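Shown next, in structure tokens, is the structure this report addresses.
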Amino acid sequence: MAVIRDVMPAFDLLQPGSATEAQKLLEQYGADAWVMAGGLDSFDWLKDRIKKPKVLVDLSGVDELKGVHAQGDGVEIGAMTTLTEIANHPLIQKSYGVLAQAVELVASPQIRNQGTLGGNVSQDARCWYYRGGWPCYRAGGNICYADTPVGRNREHAIFGADRCVAVHPSDSAPALIALDAKFLIRTPQGERVVDAEDYFVGPETDITKLNILGSGDLLTAIRIPGTWAGAKFYFEKVRDRNVWDFPLMNVASAIRLSGNTIDQIRIAVNAVAPRPMRLKAVEDAVRGKPADADTGEMAGKIAIQGAVPLQFNAYKIPLMRNLVKRAIAPPEEAQWS
Amino acid sequence: MELIQWAISPWGRTVPIHIAWSLIWIAAIAAFCFMIVHALYLIIVKPPKRFAESKAEASAAGIPERVPRHTLAARLFHWIMAASMFTLLITAFLPKAGIDFNWVVYHWIAGCVLTVSILFHIVHASFFLDFWSIWPDKTDLIDARNRTLRFFGKDAPLPRKFAKYPLENKLYHGAVMIAGLAVIVTGLFMMKRVQTGLFVRNPYLFSDMTWGMMYVLHGLAGVGFIALTIMHVYMGVRPEKFPITKSMIFGWMSRDFYLEEHDRGRWAVQAQSTPPAQQGYSASDGD
Amino acid sequence: MADGATVDLSNVESLKPRPFGEGYKLIGRDFSTSDLVAKVTGRAKYAEDFRAEGMLFCRLVLSPMPHARVKRINAEKALAMPGVRAILTPSEVPGHADYVNDNGQTIKADKWGELALADEPMYQGEPILAVAAVDELTCAEAIEKIEIEMEPLPFATDPLESLRPNGPNARLDGNVWAPDPHSRDSTLTTLKWTKDDFAEYDQGRLPMGSAPEKWSYGDVDAGLKDAALILDETFLTPDVSHQCLEPRTTMAYWQNGKLFVYTGTQSTGQTVPAIARWMQMSEDKIVFVSEYTGGGFGSKITGAQTLVIPALLSKKLRAPVMMRISREEEHFIGRARPGIRGRVKIGFARDGRITALDMFLVSDAGSYGSSGDGGSCGSITSLLYQPPAMRWRNVTVATNTPPRSAQSAPGGMQAIAIMEPILSKAARKLGVDQVALRRVNCPEGKAEYGPANHKGERAHVTSCYLKQALDYGAEQFKWQQRAAQQPKRMGTKVRGVGAALSCFHGGSSGFDGLIVITPEGRVRIHTGIGNLGTEALIDVHRAAAEVLDVPWEAVDIVWGDTAKNLPYSCHSGGSQTIHAMTRAGHAVGLECRQRLQEVAAKALGGQPEEYEVANLHVVRKGGGAGLSFAQAAQKAIQLGGIYDGHEVNPDVNKVTKQAAIALAGQGLIATARDKYPHDGDSFSFLSCFAEVEVDVETGVYRIVDYLAYADVGTVIHPAALRGQVLGRSTLGIAHAIGQKWVIDPQYGATVAKRFYQNKPPTILDVPVDMQWGALNIPDPETPVGARGCGEPPVGGGCAAILNALSDALGDEIFQRAPVNADTILTSYEAGRPMQEALTAHI
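Protein chains in written order, with my numbering: chain C, 1 to 337; chain G, 1 to 287; chain X, 1 to 842.
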């Protein structure tokens, strides 16, 4: 069978008007359905003719999934809220700046206008072998093409590899983990609420998915508790280009200080492993310590323990060490004369 | 129905990548069907167990009350192999059935345990036990023919009692051996494809097609083991076979059972004074 | 006036920048070109925007293997689908044939040449089949029903692997292109180096086995012996796709026995002979339409060979056929710059002057054709750094990777990227200022370059004022202050500055101009130049308008459709358009003026020279009788013959002659050929400067400032030149900061095929306020003094960034481009380059 990587295949377009209806459609069509948020991941798969769903459930008309709403002392963000809206939202900017920063660094303005928070956390891996339609583990096959003696793996994982070495590409995910966000999922069995870090799965558990969403499941909203509102935040994304680029790595932290002593902290990195990594060992090690460069150095060293580089991605080890350090003790801005 | 899951290789070729996972269910259902049919047959037809008289059967003198059947080493091997096999089956197929967990590490470690235990078994059975006792002999074949003829109501002589192992047991051993070798050989190569820390990962040892066939063979043998294991467990817990199962736990079977089922001429048990090690433990010990 | 472009070459050093437009009414002044509004409003029609009644679509099947033989195609199921009309197989594509070029020479068929569809594909992604159907969805579904059996053949994606003992050959009959002793062409041979040749490979030094191409001049060994410092450096330049925004989409149909083709090109006129050659049909049966082209950069000089696919399908199906090309397909068929592995040994005197230079190159020619980049790399090095003694050796290796072609400054860009970091290192080691070191090695005036020919003479340039460009550029960039700035490090940020020289060819000659003065009094200039977006299409005609002294508003430009009778024009490659076509424009302007004077004399009496032309009139000097252009055109039609196109200037090319004859009777028609002599070859030069800021904890850097200062002769259109100087600098910067190929060597397959994977730079990757300047000193060897500037900035753009990075971080960080966070971070920590130079496509 010859292959062509262009022209979207034919499918039935279903445009539900409510979350309930959307979830029912997903349940009804099961594996034959493809759920589409902003379309930025979906259209790649579809136009490459790698995914050929029978029906496409387009969530763009589900207004109840859109918007940022204060809820108690926290905030709830609909899964279909655009990244631009989140980046510009006064409440997010004021109290959850780490998320505003993270989503503002996603891709490009056009993509942020169209891309949604739900889509950003639920997007698929960007490994170029996988996205090229090669029959790798993640695609249901029996090989990882990136982790071979000659594989091109500059952008791949240093942690959590289990046959597959793809990394999770989301910028918002580590920020949401740092904020201790909860993901609201509507399932055939009812609503389920999971911690941000538990939303993501590694290849050791399920090599064909990056998150826990099963057939018939719909991510409806992300709830951020007030716990970390107004905390000291840090977010940094390292990428090759200044716009329209996935992270080579990113880091997000939320810190509560007593004076300069770290009282509470949550820290997460992404694009180092197939799922965003919350660094609990680092959190435990720095709690009660001053938020200074020494603590940062120590944290960086702890963070990279157990990292396994591939042939072309050894740079990710010092990069992770340094980013974690900076997430504890940010560098001072250079003031050139 | 497709037996094999195919994919398009990077070079545009249609290559096998593994078995169709529906075979898991087919193997399990087939084994359960066998179990049900077999059980119903025994319950409804109640076939009498009849053997031809043996010349050597005249006296039970010198037969110990506890007839030694499996050495401790053989029993340990059997149960280690069983544990690894269960681990392998659970880790291989539960995720395919939708129960996700971190399975690969346990799978390859269990595979290594199985491999080592099989290597031990080959050496042990070849050099320290009666190697030929597990292989069907001429008598087995004649008896099998006679039993089949009698089953269909034809006139045929009564079969003789069994040697150390009934023919079914020998055939089962053969099937397990073939499937076992298939999963082990393919499994060992497949370890070059996953991160084990034992080898430098190199998925390019073979061509896409060869690898694909290897995965298919591994899968076919694996689903074969689903059926074989179900049948083995079923047989192990059947009341009339239970003395054999017990012997795999305690190492011996009762004199009565021995005399009822086994032909002393074909499986000679020496007088009590003879040390067990020289009593002709058979190559299949541990099955 | 146009002829005032003279300079005193006796004292080159004394020449100073001149204000743009000095002495001219039109030249050197900004204006809006007539195609701009259509472009910014979306009215401009690119190939994909055309439609024809009953139009079908076709899509391509690409080879999944890097080298294979197509054994069997079974399209039964596809052809049985409703809506599927036909397939086109390689056997239906005309093969290789001899052809006669513009100069009447017969060019022998190239048996190694590329065809639109291949039955022995030479790279993964090469088209092997096309399917035509009523729409693209049907095409795609049909393609997925086609079974193709292919036999894989040996392949090589890394040139050095191919040169190893027992290494694979990209082609069944060889792996290395060598000069053919019997012609000027290259021939394929087999070359393997010994194991010993590869002894230094693991140390990151380019192996130097035997090289089929070589030249030298001067005494290299003596030069190295006398040197105060010798550096021996290896560097790898990247393979970089052209990434034209408009892919090679084509629409074609047949009407009354004529083939109509719509596609993008760098030359409307010269694409017709190419189509004729590929289709093996007569040029006069071809109508070619290319009003707008979304970028070429050397990859669409005469369109693209794949254009024959819709043309052949259209003929087969008797219906128009549109072939749209996707971004992924464009990655494969869209051409790329060949990556070059270079090793250069240079001797320097204490003041930084180069005493000798020994250059060894391994060029990756890709799957088709022998790349000329290695050769160009040698000659540009020889020109730009003026080594008194130089040896050049080159091995051009065929690989099973997408085809290469010229890309903005082919070879020149690589030469500069390889050379400049060595010069920077030398300056640091010798304690010489970067600008000063470049200044002592700078070409000047009629600088010589390359080896001596059989007469013992070396080639030379028409003029070079690079020293001034370097001085004024350094002044504008405030080089001295920036270079002296302390501290260089603040916190985790380190700053560095880089200077680089740059040059490339700046023009050709010998083309034609065609002007029609219409009976309505308009000045209509026909041109066969392609509309690449550089505005040269329009700008060059300012020369003719200047000569005729007409207001620009009275000038209409006719382009983009060969049915509109276009003259013989240069293709817009090799940065030749501004130079070549201002010459042709100047020539036809003079011819037109002469004819106007003659017509006036015939109508009003007296001698032609008694009349002068200005402001859309031809009038008797000193006042008196005259004709408006409208009247002159009407008189020319009455006169016929040479005046209205019934007779044509015998100097011009047959294409121009045909155009003029077709236009005969429409007004006063003037044609002329550029016959102006020129002593030397035209090159343009730039000095480029950059400052970068590197975060040493992340390896991320930003370009703080960038400036390019041009020596391109007379500035024709400042805004367009700015676009060229900074736009092409950005193309060079792309090579430094990220754009690249990634190929999996196991399958010989490209894995980075999309913009987000192969990462061409974005607007945010370059400084917002990039600066530029130009000397505006006219070239003395061309009538308006203008040279091209499409390509010359590219190498400097790349090298200025590389040099700034090594200034910030030290010399032991990178041995290859692009330089990214990964390169910097690991190397900075280790204190040595951690990415070795010799592995391709990572």
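Yeah, the Cβ is synthetic: ideal placement off N, Cα and C, and Gly gets one too.
Keep in mind it's a predicted model, so treat the numbers as computed, not measured.
Chain G has no Cβ within less than 8 Å of the Cβ of C:N153. The Cβ neighbour count for X:V516, taken over all protein chains shown within 10 Å, is at least 16; the residue is labelled buried.
Relative to the Cα of X:V655, the nearest Cα in the group X:D158, X:Q270, X:E329, X:K145 belongs to X:Q270. The beta-bridge partner set that DSSP reports for X:E233 consists of X:V344. Going by C-alpha positions, C:A37 is about 6 Å away from C:S60.
Here C:D124 has D41, L210 as same chain residues with Cβ atoms under 7 Å from its own Cβ, once five neighbours each way along the sequence are excluded.
Closer than 8 Å at the C-beta level to chain C, one finds these residues of the stretch 5-24 of chain G: Q5, A7, I8, S9, P10, G12, T14, V15, I17, H18.
DSSP, reduced to helix, strand and coil, places X:F332 within a helical segment of the structure shown. Taking C-alpha positions only, X:L259 is separated from X:W278 by approximately 13 Å. The C-beta of C:W45 comes no closer than 8 Å to any C-beta of chain X.
Contact between the stretch 752-769 of chain X and the stretch 727-742 of chain X is present: three or more C-beta pairs spanning the two stretches fall below 8 Å. From the beta-carbon of X:A749, the residues of chain G found nearer than 9 Å are P10, W11. The stretch 427-437 of chain X and the stretch 319-333 of chain X do not touch, with fewer than 3 CB-CB distances between them shorter than 8 Å.
In this structure, X:G506 sits near X:P792, with a CB-CB distance shorter than 8 Å.
In this structure, DSSP gives C:R278 an extended state, which the three-state scheme calls strand.
Contact annotation for X:P767 against chain C: no contact, minimum CB-CB distance about 11 Å [criterion: below 7 Å].
Measuring C-alpha to C-alpha distances from C:D294 to each of C:I262, C:G226, C:M277, C:A107 identifies C:I262 as the nearest. Here C:G190 is exposed, its C-beta having fewer than 16 other C-beta atoms within 10 Å. At a cut-off of 8 Å, the C-beta of G:Y204 has a neighbouring C-beta in chain X.
Interface flag for G:N146 against chain C is unset, since no Cβ pair is found closer than 8 Å.
For the 8 Å CB-CB criterion, X:G796 and X:L726 do not form a contact. Your pair X:V93 and X:V308 checks out as a contact, with CB atoms roughly 6 Å apart and the cut at 8 Å. Apart from the 5 residues on each side of it in sequence, X:V599 sits with its Cβ closer than 8 Å to the Cβ of V618, L627, A632, K635, A636, L639, Y643, L668 in its chain, given in chain order. Against chain C, the CB of X:P761 has a partner CB under 8 Å away; the residue lies at that interface. Counted as a single uninterrupted DSSP element, the alpha helix (DSSP H) harbouring G:L76 occupies residues 72-93. Within 8 Å of the CB of X:D744, the CB atoms of chain C belong to Y129, Y145, V150, G151, R152, in sequence order along the chain.
Against chain C, the CB of X:E328 has a partner CB under 8 Å away; the residue lies at that interface. Using a 10 angstroms sphere on the CB of X:Q124, the tally of other CB atoms reaches 16 or more, which defines it as buried. Only residues of its own chain outside the window of five on either side were considered, and among them L707 have a CB closer than 6 Å to the CB of X:Q771, listed in chain order. Non-local beta-carbon contacts of X:A662 in its own chain, meaning distances under 7 Å to residues more than five positions away in sequence, involve N565 in chain order.
Assignment of beta-bridge partners to C:F235 by DSSP yields C:A252. Assigned with DSSP and collapsed to three states, X:M770 falls in coil, not helix or strand. Here X:I422 is buried. Its C-beta has 16 or more other C-beta atoms within 10 Å.
X:V652 is classed as buried because its beta carbon has at least 16 other beta carbons within 10 Å across all chains shown. Each residue's CA atom was taken as its position, placing C:V243 and X:C139 some 35 Å apart. When only Cα atoms are considered, X:S216 and X:R337 end up about 25 Å apart.
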